[in-house]
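Novice: Going down the list, the sequences are from chains A and B. This note's numbering puts the last residue of the first sequence at 127; the count rises by one with no breaks. This note's numbering puts the last residue of the second sequence at 1253; the count rises by one with no breaks.
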Amino acid sequence: MSPRTVKVRIPPDNGYVPLFRTTVAGIAAREAFTLEEVDDLRMGVEEAAVLLLRRGGDDPITLEVSVTEHHLEANLSTPTDSGPEPVDETSFSWMILSALAHKVETHLEDGKARIILTKTRSTGALQ
Amino acid sequence: MNTQYTRQDTKMLFAQLRETEDPEIREQLARLHLPLVEYLAKRFKDRGEPLDDLVQVGSVGLLKAIDRFDLDRGVEFSTYATPTIVGELKRYFRDKGWAVRVPRRLQELSLRLNKVVAQLTQELGRSPTVPEIANQVGVSEEEVLEALESGQAYSTTSLDAPAGNDEEETPQRLERMGENDVALDNLEYFASLAPLIEELPEREREILYLRFFRGMTQSKIADHVGISQMHVSRLLTRILEFLREGMDEEGSA
């Protein structure tokens, strides 16, 4: 199964973050993740979005959610010229993200700050 | 338990409590009267909230009553405490009220889901998926999603209450003080967060620790703390929101 992808872009404004939350939750629930996994994703995406917003850029933030039979990946990014890594690995945020997702990746390259959360289905592959 | 014995005990404990203000005694009194809370909470059990959550709410009333009770009044403590406990339960339902207008059909479904989710979690040994819930309830997945989202909508509004609210703080510290205190020290590793975490009620601090430091699932935490998984979910969301806001304030200061 090739990944199914949904992309949402919001202005750099806290008020729009719930839209990300609802998006990822809606997709995860439709894709038969458990309620707890849905909840984890909702919280994780919010945390990641807030981290990108805190960089204080004027550019939009993009959330791309793709689902395969085993995983859901939430890829959040925003254009940035420089600055610190999106998540400091000794921070509380890192700890939260790692508890909520199975894998957390963070990149600062190609002019983008990026946080990728991957959640693996606990119920096994989708039929 | 022999009622007479309880009454004697209660009087003696209150006398001791007023003299020493020993939290141990307060705890003992609370434990002694938990059956009263359970009895009163059962009266509200048909409103779709898990009984455990109601007992938690009622316990807040019980502790208020313990703190306010005056031995010299010559009233039995249980007589005195009953309206306070019932008042707390009523207030809970009033505050919970569906602040966002949700169609009645969805309200009912949402309340039903609370039960089904708990039941399926038990059966499956894990949190259920939307298709599983839909199948069990006999409605479409879309309807389940709609109801869950409306449930989320109301819980978001009720999250506006300040997290440091001391009214919520008391009953939960009763059972498990001590055991987790040492472990909670780990949270203080994050120095900038320590003062904020300090402000959280004991139970929320524990939930925070169990979820993010110990990696426990919501259902496990629910079992451990004795509330429903949905309640854990709501509390976690609220805790993160609280910490985030606190950090933002600090950042802008």
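Cβ atoms here follow ideal geometry from the backbone N, Cα and C, with glycine treated the same way. Since we're looking at a predicted model, the values are computed, not measured.
1) Relative to the C-alpha of A:V50, which residue among A:R42, A:N14, A:A113, A:T62 is closest?
2) Against chain B, which members of the region 89 to 116 of chain A pass a CB distance test of less than 7 Å?
3) At a Cβ threshold of 8 Å, is B:R1211 touching chain A?
4) 8 Å is my cut-off, CB to CB: does B:L1111 come that close to chain A?
5) Please say whether B:E1088 and B:G1125 have beta carbons closer to each other than 8 Å?
6) What first and last residue would you give for the alpha helix (DSSP H) that runs through A:N14?
7) With DSSP run on the structure shown, which of helix, strand or coil describes A:H102?
8) Classify B:G1138: buried if its beta carbon has 16 or more other beta carbons within 10 angstroms, exposed otherwise.
9) Below 7 Å CB to CB, which residues in the same chain sit around B:D1009 once its five sequence neighbours on both sides are set aside?
10) Identify every residue that forms a DSSP beta bridge with A:N75.
11) B:L1236 touches chain A at which residues, Cβ-Cβ below 9 Å?
12) Could you tell me the distance, in whole angstroms, from the CA atom of A:E89 to the CA atom of B:D1053?
13) Drop a sphere of 10 angstroms on the beta-carbon of B:S1228, count the other beta-carbons inside from all chains shown, and report buried for 16 or more, exposed for fewer.
14) What is the DSSP secondary structure of B:R1043, reduced to helix, strand or coil?
15) Work out the CA separation of A:E31 and A:T5 for me, nearest whole Å.
16) Starting from A:K7, follow its DSSP beta bridges and name the residues at the other end.
Specialist: According to the data block:
1) Measuring from the Cα of A:V50, the nearest candidate turns out to be A:N14.
2) Under the 7 Å Cβ criterion, the region 89 to 116 of chain A contributes F92, M95, I96, A99.
3) Look at B:R1211: its C-beta is under 8 Å from a C-beta on chain A.
4) Chain A places no beta carbon closer than 8 Å to that of B:L1111, leaving this residue out of the contacts.
5) Against a cut-off of 8 Å, the Cβ pair of B:E1088 and B:G1125 comes out as no contact.
6) Looking at the DSSP string, A:N14 is not in any alpha helix (DSSP H), and its letter there is neither H nor E.
7) When secondary structure is reduced to three states using DSSP, A:H102 falls in the coil class, being assigned neither helix nor strand.
8) Exposed is the label assigned to B:G1138, since fewer than 16 other Cβ atoms lie within 10 Å of its Cβ.
9) Take B:D1009, set aside five residues on each side of it, and the residues of its chain with a beta-carbon closer than 7 Å to its own are L1032, in chain order.
10) Beta-bridge analysis with DSSP links A:N75 to A:E64, A:I116.
11) Neighbours of B:L1236 in chain A, taken as residues whose beta carbon is under 9 Å from its own, are D39, M43 in chain order.
12) The alpha-carbon atoms of A:E89 and B:D1053 are separated by roughly 36 Å.
13) B:S1228 counts as buried, since no fewer than 16 other beta carbons sit within 10 angstroms of its beta carbon.
14) Of the three classes helix, strand and coil, the one that applies to B:R1043 here is coil, per DSSP.
15) Their backbone Cα atoms lie some 12 Å apart in a straight line.
16) A:E64, per the DSSP bridge assignment.
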